[in-house]
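Data block below; observations after.
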Amino acid sequence: MIEMEFIKEVKELSGQNIYLCYHCHKCTSGCLVASNMTYGPDRLLLMVRMGQGKRLLESPDPWVCSSCGTCGTRCPNEIDISRVMDALRCIAVKEKVKVAEPDSVKFHRIFLGIVNRFGRMHEAGLMGIYTLWTLKLAAKISTAARLIIKGKIVIRPKVVKGKDEINRIFEKSEQFMSRSSKTLKQGEKG
Ligand code: SF4
Ligand code: SF4
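Heads up, the sequence shown is in numbering that gives the first Met the number 0, so the first residue is 0 and it goes up one at a time.
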């Protein structure tokens with residue numbers, strides 16, 4: 000991927016002005032999962048600005064981020080890094096990058112597939128499909144059994160009212176991603 004195209008893509012998808020960052024480190028010091036990342040939130044922004052797409056997309060950072068939004072609320076320049084992480088995840092999936100956390104990609108795919116199908120989350124379905132796909136049977140089955148016994152998750156999924164609106168959101172998202180993919184490919188040719 001051409002570096003300038005990578006920077007443009009992240010800016011467009013995230014809607015964030017990454018050039019406002021002056022590396023005060025407040026985002027990283029408040030991020031509960033920064034210790035599990037290779038770069039961490041503020042260094043990651045610097046790498047986006049330097050067009051280090053390949054290294055970032057292959058790193059665990061975008062997939063370790065829980066999208067809690069703490070970094071955005073701590074940032075004096077109101078940069079929402081969770082949206083930058085979203086953008087990196089989108090690009091990684093679109094570009095079929097071999098990511099460091101493949102099970103997280105599976106989790107996101109199942110999560111969105113269920114929301115697309117029913118308009119809401121169905122935890123039993125999410126746990127069941129994720130367990131089978133990742134073959135993490137023992138740990139997940141005991142957790143699921145405990146949650147079902149406590150009535151925390153329902154067995155039968157229900158379709159939400161106004162499902163058409165959910166469908167429209169997914170359609171728009173797919174159109175946006177395919178538009179942005181074409182732009183990227185044109186940029187690579189030019
Ligand atoms: S808090 Fe904001 S300005 Fe400070 S390092 Fe993080 S993103 Fe940059
Ligand atoms: S949104 Fe992601 S990067 Fe920001 S504080 Fe939360 S986990 Fe860390």
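In this text, a Cβ means the ideal position worked out from N, Cα and C, and glycines have one as well. These numbers come from a predicted model, not from an experiment.
For R88, the enclosing alpha helix (DSSP H) covers residues 80 to 93. Judged by DSSP in its simplified three-state form, N16 adopts coil rather than helix or strand. Annotation for Y129: the continuous alpha helix (DSSP H) segment containing it runs 122 to 133. Counting only the Cα atoms, E173 lies some 26 Å from Q51.
Sequence-distant Cβ neighbours of F110 in its own chain, meaning closer than 8 Å and more than five residues away, are M120, L125.
Under the criterion of beta carbons closer than 8 Å, F117 and V158 qualify as touching, at roughly 5 Å.
The distance from the Cβ of C20 to that of I113 is about 35 Å, inconsistent with a contact at the 8 Å cut-off. The residues N115, in chain order, have a CB closer than 6 Å to that of F169 in the same chain once the five nearest residues on each side in sequence are set aside. Using a cutoff of 7 Å, the CB of I80 counts as near ligand 2, since one of the ligand's heavy atoms is closer than that. Here the distance from the Cβ of V32 to the nearest heavy atom of ligand 2 is below 7 Å. C-alpha of R88 to C-alpha of G29: approximately 21 Å in a straight line.
Excluding its 5 nearest sequence neighbours in each direction, Y38 has C-beta neighbours in its own chain below 7 Å: M46, S58, D60, listed in chain order. The beta carbon of Q15 sits closer than 7 Å to those of I78, D79, R82, V83, all from its chain and outside the five residues before and after it, given in chain order. For N76, the distance from the CB to the nearest heavy atom of ligand 1 is below 7 Å. With a beta-carbon spacing of about 4 Å, C26 and C70 fall inside the 8 Å limit used to define contacts. Proximity to S103 across W132, C67, P40, E11 peaks at W132, based on C-alpha coordinates. In this structure, DSSP gives K7 a helical state, which the three-state scheme calls helix.
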